[in-house]
Amino acid sequence: MSNLICGKCGQQLAALSSSGNLATICPACGAAITSSGTVLPVSNPGSSPENLTLASPPASNASPMATTPSVMARAMLDQTNPLGPSIPSASPLMSANPQSSLAGVVPLLQPPRNTDEIGWLLHFRVLRARGEGGMGLVLEAEDTHLNRRVALKLMRPHLAHDTSARERFLREARATAAVRSDHIVTIYEVGMVGEVPYLAMELLEGETLEAIIRRDAPLPPAKVLDYSLQMARGLATAHQRDLIHRDIKPSNLWFDSNSRRVKILDFGLARPMFDNSSMTVTGAVVGTPAYMAPEQADGEQVDGRADLFSLGCVMYELCTGRPPFTGNSAVAIMKAAAMQRHVPIEQLNPAIPSGLRSLIDRLLSKRPADRPNTAAMVVEELEAIGTLMSGVDLTRLQASGATPVVVSKPKMGVIGGIALGLLLAIGAGVIFVRSNRLVPIPDEPAEGASSGVTPIARGRGVTADSVILGMTAPFSGTGRELGRAMKLGLETHLAHQNAMGGIHGRKLKLIALDDGYEPTQAVTNLRTLLDTHQIFAMLGAVGTPTTAATLPIAQEAKLPFLGAFTGAPLLRKTPPDRLVFNFRASYEEETAAVVKYLLRTRGVKPSEIAVFAQNDSYGDAGFRGVMRMLREQGIAADKILRVGHERNSVDVKSAVDGIQARLDIRAVVMISTYRPAARFIARMRELKRELIFTNVSFVGGDALAEELREMDPKLGDGVIVTQVVPPIDSQATVVLKFREHLQRYFPNEHPNATSLEGYLTAAIFVEGMRRAGEELTPDRLVDALESIRDFDLGLGKPIAFSPSDHQGSHLVWGMVLDGKGNYQPLELD
1 MSNLICGKCG QQLAALSSSG NLATICPACG AAITSSGTVL PVSNPGSSPE
51 NLTLASPPAS NASPMATTPS VMARAMLDQT NPLGPSIPSA SPLMSANPQS
101 SLAGVVPLLQ PPRNTDEIGW LLHFRVLRAR GEGGMGLVLE AEDTHLNRRV
151 ALKLMRPHLA HDTSARERFL REARATAAVR SDHIVTIYEV GMVGEVPYLA
201 MELLEGETLE AIIRRDAPLP PAKVLDYSLQ MARGLATAHQ RDLIHRDIKP
251 SNLWFDSNSR RVKILDFGLA RPMFDNSSMT VTGAVVGTPA YMAPEQADGE
301 QVDGRADLFS LGCVMYELCT GRPPFTGNSA VAIMKAAAMQ RHVPIEQLNP
351 AIPSGLRSLI DRLLSKRPAD RPNTAAMVVE ELEAIGTLMS GVDLTRLQAS
401 GATPVVVSKP KMGVIGGIAL GLLLAIGAGV IFVRSNRLVP IPDEPAEGAS
451 SGVTPIARGR GVTADSVILG MTAPFSGTGR ELGRAMKLGL ETHLAHQNAM
501 GGIHGRKLKL IALDDGYEPT QAVTNLRTLL DTHQIFAMLG AVGTPTTAAT
551 LPIAQEAKLP FLGAFTGAPL LRKTPPDRLV FNFRASYEEE TAAVVKYLLR
601 TRGVKPSEIA VFAQNDSYGD AGFRGVMRML REQGIAADKI LRVGHERNSV
651 DVKSAVDGIQ ARLDIRAVVM ISTYRPAARF IARMRELKRE LIFTNVSFVG
701 GDALAEELRE MDPKLGDGVI VTQVVPPIDS QATVVLKFRE HLQRYFPNEH
751 PNATSLEGYL TAAIFVEGMR RAGEELTPDR LVDALESIRD FDLGLGKPIA
801 FSPSDHQGSH LVWGMVLDGK GNYQPLELD
C-alpha cells in the first residue's frame, strides 16, 4: 500500500492495492493512475475533442511489453467512428470531460498486452473509445473468440449500482438481440463484468442521419424515400416482437457506409438524466422532446404508434432540414408537438411528392388513432409510392437483396455515380446490382415486334402482383374521426385479403390522402392519386361536398368510384352512372325513416320537427328526406324550420337562437358532423329544452358519443343516431367477422359503425375483382359488379346490383344513447 500523487495535477490520492490490475481516478482532473504509481495521462495535442488521445506510459516492472510506450489511442470520436463522427460539442454524446469518461472504465480493464490496445475486458481486446451516451460508453474492440471487430457498450459503473437500471439494461439488450433485421444494429453478446453489464454489437462505419441532415438537408426525394423505407422496415420488425424504441431520432439512426443501409441504434435505452435534448428519467418521460409523440410526453402508456410519430419527425427533417416542432425549452417543444401544426412541407420543399407529404402529415398526427396503425402499413405505403413513381417493385427488391441503380433512359449504359434509393421521376429506367453485375431491363420491343407472350389486359394501377387503390378523406378537421374509421375498415378487409394471397395473385394497396373535409383539397388529392400514384379505383371517399367536387374528375378519368361514405343523391342517379357504386342507404332513406319514427312512435306533430343541417350539399341531401316525408303530411318546404352551421365550423350560436325562437319545436333532425352536433345538443340541454335529437350516420356515432361523454355522459341520454350497418355489438355474421379481423390485424383499434361500413365496402369491391378475373380493367370490374345478385354478407339481406341499380343496400338501423354514453338498439318501425 502506498500514497500516490497525481502526475498530472499534483493531487494527493488515497493508497491503493499494489496488484497492478486496477487504477484509481484522480478526483481533481480525472486522470487514471495505476497502483504502481504510474499515470495514464490524457494528452491534448490539439484544441478540439477529436484530437484527445490516451497514452500508456511505462510501468515500473521489468516486462519488455510494459516498458514499451503504447501507440496513442484516440479517446473520443474521430471521423470513422460508429456513433456520430460529426456530433457538435453541445451534443449529449460529447462529454464535457472526456478524460473522466474514459478513465471511468479503466478500473474494469485488464492491462494492455500490445501497444495498439487500451486493455482487455474478458475476451475482448479493447482498442479505443468510440462514443458515449447517457447510460454507457462505447469502445471499439476485437472479439478474440470469433476474431471480429465489435462495438462494446458498457453501462456506466456508477449507474450499474442501481439494480433496476442494471436489469433494465440487460433486459432491453437481450430483447434487441432477439430481433433480426438488416435495419437494426445486430447484438452479438450480452453479459456482465462484475456488476457492470455490457453488450457487444456490430461495428458500423459511416455516420448518423443527424450528420447527413446537417450537411445535406433538404435531401432529394429519392433519398428521403430510401432512408424512410429502411427505417420503417426496421421498426416493423421490432414492433412484431413487441419492442418499442421510444427514442427514434437522427442521432439514433446510422447510415452504414459498407452495407449502404440505415440501422436503428439503442433500442429502449432510456437515459436517466435531464438535459437540453433528452428527458429520460426513469418513471417519468422517456425520449427526446423534438421527436417525442404527445402521448409519450404526457407519460401515457405508448405503443408502436409513438415510434411512428418519431419516424414522421425524422422524415420531415430529411425533407426540410429542420424538425417539425421547435421551442426554447424542452417543455416548449413538447407543447408545440401536442398543440401546434407543423409548417407544411410543400412550403419548405415543394420537390417532395404529395403522397410522401401526406404520409408524413399522418405520421405527425397528434392522436395515435390518426396515424397509420402499424409500421408494416407505413412500409406498404412507402413501397407503393416508390413502385408507382419509379417503376421498381420494392417488395421484390427487398426480397432479392438487389440495390436499385437509376439510369436516365431504359437502356444499358454507364452512369456517373450510383444512386442508392429510388428515382421519383416517372419514366426512368432501372437496373439492378446483384453480385456486382449489372442486369439491364430490356428496351421496349419495337413497334410491331412480338415477345411471344400474350399480354394480360390491365387497367391503370394494376401490375402483375398489385392493385393500387386510392382514397381522399378527412384525417384532420371536424370530420377526421369519420375518415380515420372508414380507412381502418377498408384496410382491415384488404389486410385480410392480402393475408389470404390477394386476388388473382395481386396484393391490394390503399393510398389515402387527407383532404380535411375541404373540396379544393380533395380535388388536389384526386389529381395526385391519378397522376402520381396511378390508382385503379377510388374507395370510401368521405363526405358529400368533397365527393361532389371529385366525382366529375373521376368520371373523366374513367375511374371506378366505389363505396363513398355519403348518402347524397348525386351518386344515386336513374339510370346510374356506370362507374359509381354505393353500398349504403341514402340520406333521404335515413331521414325518412327517422321522421316516420318521430311521427308514428313518438307522437311528434309534423309542424314540431325542425332540421339542424350543415350549410352545404350534405345538409341539403338530408333535408330533402325530411322535406319529402313532411310534404306527405301537408307541411310545405318553406314552413320547415332549418338552422345549421358552416362546414368545418363548430359555431352553432345562430342555430341555437333559431330553435329558441320556436318553443313549439319538439324534435330536431340533425344532418351534421360530431363536433358541431355535440355542441348544439349540449347548448340546448343547458337551456333546458326537452328535445328529441336524431342524427344521420355521417355524424359518426361513436365520435358523437365520445364528444358528449367528455362534456357530461348525461348530455347524450336519448340522442338517436341512424346507421346503415348492423349494431357493432350484434351477433350478425358480418359483424363477428369484422371484429375478428380487426383484432387480428389492428389489435389496438376498436370497431364502430363507420369502420364496419368501410370493411363492407372493401368486401364488395374484392368480390367484384374476384368475379372480374385476372384481366382487370375498369369495364370488367363494372360488369362483374353489375352481375352481383345475391352476395350475402350476413346483413339480413343480400347485396345486389344490376345495370339499372348501383345501390347495394337500402337498410337503416336505429341506435339511441343511454345516460352512461352507451348505445342501445332502437326499433325505428
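Mapping of the sequence shown onto the UniProt record's numbering: position 177 corresponds to residue 177, and the numbering continues sequentially without gaps. Cβ coordinates follow ideal geometry from the N, Cα and C atoms, glycine included.
Check, Outcome
"Grab the span of the alpha helix (DSSP H) containing residue 498 for me, first residue to last.", "480-499"
"Assuming residue 592 contacts residue 628 under a Cβ cut-off of 8 Å, what Cβ separation, rounded to an integer in Å, is found between them?", "7 Å"
"How should residue 331 be labelled, buried or exposed, when 16 other C-beta atoms within 10 angstroms of its C-beta is the threshold for buried?", "exposed"
"Tell me the residue span of the beta strand (DSSP E) that contains residue 193.", "187-193"
"Enumerate in chain order the residues of its own chain whose CB-to-CB distance from residue 735 is below 6 Å, with the five nearest sequence positions on each side excluded.", "726"
"At which residues does the beta strand (DSSP E) containing residue 345 begin and terminate?", "Premise fails: residue 345 lies in the alpha helix (DSSP H), 345-348, not in any beta strand (DSSP E)."
"Taking one C-beta from the stretch 680-700 and one from the stretch 649-663 each time, how about it: are there three or more such pairs within less than 8 Å?", "yes"
"Alpha helix (DSSP H) containing residue 763: first to last residue?", "753-772"
"Measure the alpha-carbon distance for residue 509 versus residue 384 and round it to whole angstroms.", "7 Å"
"Taking the alpha-carbon positions, what's the residue 722 to residue 587 distance?", "10 Å"
"Excluding sequence positions up to five away, which residues of its chain have a Cβ less than 6 Å from the Cβ of residue 444?", "Annotation note: pLDDT 37 at residue 444 (below 50); position unreliable, coordinate value reported separately. Nothing listed; no residue qualifies."
"What's the gap between the Cα of residue 341 and the Cα of residue 312?", "13 Å"
"If I measure Cβ to Cβ from residue 170 and keep anything under 7 Å in the same chain, skipping five residues before and after, which residues do I get?", "190 and 197"
"Just how far apart, CA to CA, sit residue 543 and residue 679?", "20 Å"
"Please list, in chain order, all residues of the same chain as residue 831 whose beta carbon is under 8 Å from its beta carbon, the five residues on each side excluded.", "Examination of residue 831 is not possible in this model, given that the chain is present from 1 through 829 alone."
"Would you call residue 117 buried or exposed, if buried means 16 or more other Cβ atoms sit within 10 Å of its Cβ?", "buried"
"Classify residue 125: buried if its beta carbon has 16 or more other beta carbons within 10 angstroms, exposed otherwise.", "buried"
"Grab me the residues of residue 195's own chain with a C-beta within less than 6 Å of its C-beta, minus the 5 sequence neighbours each way, in chain order.", "160"
"Strictly by DSSP, which residues pair up with residue 509?", "468"
"At 3 residues or longer, and completely inside the stretch 104-152: list those beta strand (DSSP E) runs for me, N to C.", "119-121, 124-132 and 136-143"
"Exposed or buried, what is residue 466 when buried is set at 16 or more other beta-carbons lying within 10 Å of its beta-carbon?", "buried"
"Can you look up residue 712 in the DSSP assignment and give me helix, strand or coil?", "coil"
"Over the uninterrupted alpha helix (DSSP H) stretch that includes residue 679, give me the two end residues.", "674-686"
"What does the alpha-carbon distance come out to for the pair residue 690 and residue 659?", "12 Å"
"Can residue 472 and residue 530 be called in contact, C-beta distance under 7 Å?", "no"
"Quick check on DSSP: helix, strand or coil for residue 828?", "coil"
"Would you list the residues sitting across from residue 539 in a DSSP beta bridge?", "562"
"Taking residue 781 and residue 575 to be in contact with their CB atoms under 8 Å, please state how far apart those CB atoms are, rounded to whole angstroms.", "With 8 Å as the limit, residue 781 and residue 575 do not qualify as a contact, their Cβ atoms being about 18 Å apart."
"Is it true that the CB of residue 641 sits closer than 7 Å to the CB of residue 662?", "yes"
"Which of helix, strand or coil does DSSP assign to residue 785?", "helix"
"Rounded to the nearest angstrom, what separates residue 474 and residue 581 at their Cα positions?", "21 Å"
"Can you name the residues that DSSP bridges to residue 202?", "150"
"I'd like the span of the alpha helix (DSSP H) that includes residue 231, first residue to last.", "221-240"
"Taking the CB atoms as reference points, tell me whether residue 184 and residue 119 lie closer together than 7 Å.", "no"
"Residue 263 bridges to which residues according to DSSP?", "254"
"Using beta-carbon positions only, say whether residue 563 and residue 583 come within less than 7 Å of one another.", "yes"
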